[in-house]
Structure formats: C-alpha cells, structure tokens
Amino acid sequence: MHTPFDFLDLGSPHSVGMALMRLVRSGALRRLARGLYDVPRTHPLLGELQPGTDEIVQALSRRDGSVVQPAQATAANLLSLSEQVPVRVVYETDGPSRTVKVGSQTIQLKHRPPRQVRTASPMSNLVFAALRGVGKANVNEAHIAHLRETLSAKDRAALSKDLPLVPAWMHPYLRFIATPPQRPDPSVKPTKRRKHAA
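Heads up: the sequence shown runs through residues 291 to 488, numbered per our numbering.
In structure tokens form, the structure reads like this:
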C-alpha cells in the first residue's frame with residue numbers, strides 16, 4: 291500500500307502525483323481511494339485481491355500524518371481477549387472522525403483527543419483500548435493472565451510507564467501485567483519424593 295507521501299523524497303508533490311497517475315493508467319498501480327495506491331494482486335480462484343485492513347489503516351496514518359489505532363472491540367479481538375469479531379471495523383484517531391471506503395471495505399475512524407492516542411506506546415494504547423472494550427465489570431483473571439504471558443518485556447515496561455494515562459480502575463490489572471511472569475528455572479531439577487516404608 292502506497293501514498294504520495296511515501297515518494298516525496300523523489301520529487302515535488304506535483305511530479306509524484308503525475309508519476310502515480312501514469313502508473314495507474316499503465317496498470318502497474320491501482321488507485322483505491324484518494325491518495326491510496328497498491329500493486330494489483332490476483333488469485334487464480336478469488337480473482338482480484340483487496341488489501342488488508344491493517345495495510346489500509348497504516349497508509350491512512352502516513353497519508354494524513356495522524357495516529358490511527360484499533361478501537362475497543364477491535365483491540366479486544368486482536369489481543370484474543372474476545373472471540374467476537376466486530377461487525378464494524380472501527381479505529382481511533384487524533385484526526386477527524388470519518389468513514390473511509392476502500393474497495394469492499396468500510397473503515398470507521400473515530401476522533402479521540404491526541405493525549406489519548408499519541409502519548410502512550412502503540413502496544414499500551416492497544417491494551418488500554420482492549421480493556422475498555424471488555425469493560426470494567428467483565429475483565430477477569432484469564433484476560434489479565436493472558437496479557438501477562440503474551441506481552442514482551444519491552445511492552446510490559448511501557449505499560450508501567452504509561453500507567454498515569456488511564457483510569458484508576460485499570461491500575462491494579464496493568465501493574466500485574468507489567469510484572470514479569472514467573473518462569474521455572476531449567477537448572478533446578480524437581481526433587482523426587484521418597485517412598486516411606488510401610
């Protein structure tokens with residue numbers, strides 16, 4: 291997925307736009323929406339393939355210079371805290387709220403204050419959105435244990451740093467997630483129980 295912004299180091303906005311137009315006319319590129327292009331891909335059975343949602347969202351972020359991240363239900367599904375696939379694809383952004391249609395896909399962008407999407411690390415934002423999606427009353431030990439096991443040490447450290455950015459009800463959960471999970475020491479062999487004589 292490409293945007294004119296990706297090629298501004300090669301020429302002026304006008305020259306880049308003209309070059310992209312020529313590539314579209316020749317069939318080398320496909321124009322999906324304003325300022326969004328990709329290389330056409332086809333499948334022998336499925337025909338012309340559409341780009342993935344994440345590709346589109348990342349391209350929108352580069353094109354508009356905005357932060358775009360999964361909204362609550364989408365984040366919960368991505369982090370495996372919910373098996374429910376959202377009916378609508380919704381992302382949060384510090385740009386304006388709008389609906390973007392790319393091919394057969396419709397992506398809804400909802401505005402959030404910049405402080406809520408730009409301050410924390412991307413993974414912290416994803417975890418925060420996922421917990422909001424699950425809901426204060428529904429977060430359970432399994433959710434928290436799963437996040438603790440799956441997040442990297444770097445992401446757990448970021449959670450601790452970003453703790454002041456979220457509501458107080460999340461703090462105990464995030465502190466637990468940020469604590470490194472206990473791993474068994476492979477150098478320590480379990481002791482065998484002695485059998486007592488009858």
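Glycine included, each C-beta is placed from N, C-alpha and C at the ideal position.
TODO: Leaving out five residues on either side along the sequence, give the residues of the same chain with a beta carbon under 7 Å from the beta carbon of residue 297.
DONE: 306
TODO: May I ask which residues mark the beginning and end of the alpha helix (DSSP H) holding residue 359?
DONE: Residue 359 -> not in any alpha helix (DSSP H); beta strand (DSSP E) instead, spanning 358-360.
Task: Neighbour-count burial assignment, residue 334, 16 or more Cβ in a 10 Å radius - done: exposed
Task: Contacts around residue 354, its chain only, beta-carbon distance under 6 Å, and the 5 residues preceding and following it disregarded - done: 385
Open item on the list: If you reduce the DSSP assignment to three classes, tell me which class residue 323 lands in.
Closed with: strand
- [ ] Excluding the 5 residues preceding and the 5 following residue 352 in the sequence, name in chain order all residues of the same chain whose CB lies nearer than 8 Å to its CB.
- [x] 293, 295 and 296
Open item on the list: So the candidates are 438, 437, 434 and 389; which of them puts its Cα closest to the Cα of residue 346?
Closed with: 389
Open item on the list: DSSP has residue 292 in a bridge; who is on the other side?
Closed with: 327
TODO: May I ask you to report which of helix, strand or coil DSSP gives residue 421?
DONE: helix
- [ ] With a threshold of 16 other CB atoms inside 10 Å of the CB of residue 396, please say whether the residue is buried or exposed.
- [x] exposed
Open item on the list: Quick check: the Cα distance between residue 380 and residue 419, rounded to an integer number of angstroms?
Closed with: 12 Å
Task: residue 373 in three-state terms, based on DSSP - done: coil
Open item on the list: Quick check: the Cα distance between residue 433 and residue 371, rounded to an integer number of angstroms?
Closed with: 6 Å
Task: Per-residue burial, residue 468 [other beta carbons within 10 Å of its own, 16 or more giving buried] - done: buried
Open item on the list: Mapping the DSSP letters down to three states, classify residue 378 as helix, strand or coil.
Closed with: coil
TODO: Quick one: measure Cβ to Cβ for residue 431 and residue 407, integer angstroms, because I've assumed they're closer than 8 Å.
DONE: With a Cβ gap of about 28 Å, residue 431 and residue 407 do not count as contacting.
- [ ] In the DSSP assignment, find the unbroken beta strand (DSSP E) run with residue 426 in it and report its ends.
- [x] No beta strand (DSSP E) contains residue 426, which DSSP labels as neither H nor E.
- [ ] Grab the span of the beta strand (DSSP E) containing residue 389 for me, first residue to last.
- [x] 388-392
Task: Distance between residue 322 and residue 308 (C-alpha atoms, nearest Å) - done: 16 Å
TODO: Rank 429, 450 and 417 by C-alpha distance to the C-alpha of residue 440 and give the top, closest one.
DONE: 417
- [ ] Would you please state the rounded distance, in angstroms, between the beta carbons of residue 330 and residue 320? I believe it to be under 8 Å.
- [x] 5 Å
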